[in-house]
Amino acid sequence: MQTVRKKWWRVISITVIVTLLIIVTWLGRPEFKAEQMEYGVTFSAPNAEWVVGNWKEAYEATLVDLGVKRLRLSAYWNIIEPADGKFDFSGLDYQMDRAAEEGAQVILSIGRKLPRWPECHTPDWAVGWPEEQQQARVMKMLVIVIERYQEHPALRMWQLENEPLLDFGGCPPEDRRFLAEEERLVRTLDDQHPILITDSGELNWWLDAAKYGDILGTTMYRTVHSTRTNRLFSYDYIFPSWLYRAKARLVNLVEGKDIIISELQGEPWGSGAYIYLSEQERGESFSLDRFIELQKFAERTQLNEAYWWGVEYWYWEKVKNNNPAYWNFAKTLF
Numbered sequence: 011m012q013t014v015r016k017k018w019w020r021v022i023s024i025t026v027i028v029t030l031l032i033i034v035t036w037l038g039r040p041e042f043k044a045e046q047m048e049y050g051v052t053f054s055a056p057n058a059e060w061v062v063g064n065w066k067e068a069y070e071a072t073l074v075d076l077g078v079k080r081l082r083l084s085a086y087w088n089i090i091e092p093a094d095g096k097f098d099f100s101g102l103d104y105q106m107d108r109a110a111e112e113g114a115q116v117i118l119s120i121g122r123k124l125p126r127w128p129e130c131h132t133p134d135w136a137v138g139w140p141e142e143q144q145q146a147r148v149m150k151m152l153v154i155v156i157e158r159y160q161e162h163p164a165l166r167m168w169q170l171e172n173e174p175l176l177d178f179g180g181c182p183p184e185d186r187r188f189l190a191e192e193e194r195l196v197r198t199l200d201d202q203h204p205i206l207i208t209d210s211g212e213l214n215w216w217l218d219a220a221k222y223g224d225i226l227g228t229t230m231y232r233t234v235h236s237t238r239t240n241r242l243f244s245y246d247y248i249f250p251s252w253l254y255r256a257k258a259r260l261v262n263l264v265e266g267k268d269i270i271i272s273e274l275q276g277e278p279w280g281s282g283a284y285i286y287l288s289e290q291e292r293g294e295s296f297s298l299d300r301f302i303e304l305q306k307f308a309e310r311t312q313l314n315e316a317y318w319w320g321v322e323y324w325y326w327e328k329v330k331n332n333n334p335a336y337w338n339f340a341k342t343l344f
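Numbering-wise, my numbering puts 161 at position 151 of the sequence shown, and it's gapless, one number per residue.
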């Protein structure tokens, strides 16, 4: 009897696996590229200030010269609250107001873990605090940020934290209870704007992250430096475009969520910051040919919205290295 049961369980298991493979294959079946991909960029003022020396100059070039109409900006905690209880929104106000003037829409990232390394942008005055105390202050900060920008004409949606279910970026371990509390707070304060939750396109399967928010954003990186092996690692052969499409359709089927590409690799990911890498080293993980291929790859996923990660790099190459090739190609995308 036990042997029969084992055989039946084996048959059932094989049937389930085969069925899932068939479903995933159908979900990810090869098709044509997206009918119309809408491109935007993630712009980080502190990163632009670091690599170029004048973030406003880089931002103006992004808005006016490139003509970007979709932006992902960040309310970095350490910048907007540089001293305990003392807020400074001058930089973020400028970014939001100029976006509105140029007719651009903004995804505003809020919380503690936000785009650009190190991802936990905790102010110096709160760094040594216990986690519970930091979380309480994050909630207070969220109230102030949301109430300030929820009526702003440039605001399209909120991004709550950055890849909150991925232990990466020098942050405390994931805390789903706290993420749920943050989401409830955002919805209580503003029920007019959707919430974007982001996840790794290469390291997670999205179903957990898709339980939160209204829209799911995925990363899309193709060549990165591995700290474990100290070598470049390519996702080209293990993550084809149809796999992203299959995962997106599965999430849509299970959770009813739309998916966008929230981070599309548009800069080198080498052994160190790109400003310290040689031209050859930069080109090993990101080149103009790679840029062009990444655009085609993204469109083959059939997702219809993508935010490039690297506009500061394109501008740096142009003004610091007299290499406008990346910038000029980017002009064709917006």
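Where is the CB? At the ideal position from N, CA and C, for every residue including glycine.
**Request:** Grab me the residues of CYS130's own chain with a C-beta within less than 8 angstroms of its C-beta, minus the 5 sequence neighbours each way, in chain order.
**Result:** ARG122, LYS123, GLY179, GLY180, CYS181, PRO182
**Message:** Within the continuous alpha helix (DSSP H) that includes PHE307, where are the two ends?
**Reply:** 298-310
**Prompt:** Is the beta carbon of LEU175 less than 7 angstroms from the beta carbon of ASP218?
**Reply:** yes
**Secondary structure, beta strand (DSSP E): runs of 3+ residues fully inside the stretch 45-132** = 48-52, 80-84, 115-120
**Message:** Using the three-state DSSP reduction, which class does ALA164 fall into: helix, strand or coil?
**Reply:** Under the three-state reduction of DSSP, ALA164 is assigned to coil, being neither helix nor strand.
**Prompt:** Of the residues TYR317, LEU313, TYR104, GLU171, which one's Cα is nearest the Cα of LEU152?
**Reply:** GLU171
**Request:** Could you give the DSSP three-state label for ILE248: helix, strand or coil?
**Result:** Looking at ILE248 - three-state DSSP - the assignment turns out to be coil, as it is neither helix nor strand.
**CA-to-CA distance, PRO163 to ALA335, given in whole angstroms** = 33 angstroms
**Asked** In this structure, what does DSSP give as the bridge partners for ALA316?
**Response** Answer by DSSP bridge pairing, in chain order: TYR49, ILE271.
**Request:** May I have the straight-line CA-CA distance separating GLU192 from ASN262, to the nearest angstrom?
**Result:** 23 angstroms
**Prompt:** Does DSSP classify GLN202 as helix, strand or coil?
**Reply:** coil
**Asked** What residue from PRO278, ASN338, GLY293 has the CA that sits closest to TYR323's CA?
**Response** PRO278
**Request:** Since I believe PRO128 is in contact with THR52 (beta carbons under 8 angstroms), could you give me their beta-carbon distance rounded to a whole number of angstroms?
**Result:** The C-beta separation of THR52 from PRO128 comes to about 16 angstroms, leaving the pair out of contact by the 8 angstroms criterion.
**Message:** Taking a contact to mean a Cβ-Cβ separation below 7 angstroms, would you say PHE301 touches PHE339 in this structure?
**Reply:** yes
**Asked** Would a C-beta distance cut-off of 7 angstroms place GLN115 and LEU83 closer than the cut-off?
**Response** Contact flag unset, no.
**Prompt:** Looking at the structure shown, is PHE344 part of a helix, part of a strand, or coil, going by DSSP?
**Reply:** Note: PHE344 maps to coil in three-state DSSP.
**Prompt:** At what residues does the alpha helix (DSSP H) containing VAL148 begin and finish?
**Reply:** 141-159
**Residues that DSSP places opposite ILE207 in a beta bridge** = LEU226
**Prompt:** Based on the DSSP secondary-structure assignment, which residues constitute the bridge partners of LEU195?
**Reply:** According to DSSP, which records beta bridges pairwise, LEU195 is partnered with nothing at all.
**Request:** Would you decide whether ASN57 is buried or exposed? Buried here means 16 or more other CB atoms lie within 10 Å of its CB.
**Result:** buried
**Message:** Is the beta carbon of TYR49 closer than 7 angstroms to that of LEU287?
**Reply:** no
**Message:** I want to know whether the stretch 234-243 touches the stretch 194-204 - three or more CB-CB distances under 8 angstroms.
**Reply:** As far as the Cβ criterion goes, the stretch 234-243 does not touch the stretch 194-204, which means the pair count is below three.
**Item:** DSSP state of LEU260 mapped onto helix, strand, coil
**Value:** helix
**Request:** Could you tell me the distance, in whole angstroms, from the CA atom of SER210 to the CA atom of ALA220?
**Result:** 12 angstroms
**Asked** Taking the continuous beta strand (DSSP E) assigned at VAL234, which residues delimit it?
**Response** 233-236
**Request:** Can you grab the Cα-Cα spacing for the pair PHE296 / GLU111, in whole Å?
**Result:** 33 angstroms
**Prompt:** Sorted by chain position, which residues of the same chain lie with C-beta nearer than 8 angstroms to ASN88's C-beta, five sequence neighbours on each side aside?
**Reply:** Answer for ASN88: HIS131, THR132, PRO133, ASP134, listed in chain order.
**Prompt:** Rounded C-beta distance between ILE90 and VAL148? I'm assuming under 8 angstroms.
**Reply:** Contact doesn't hold; Cβ gap of about 12 angstroms is too wide.
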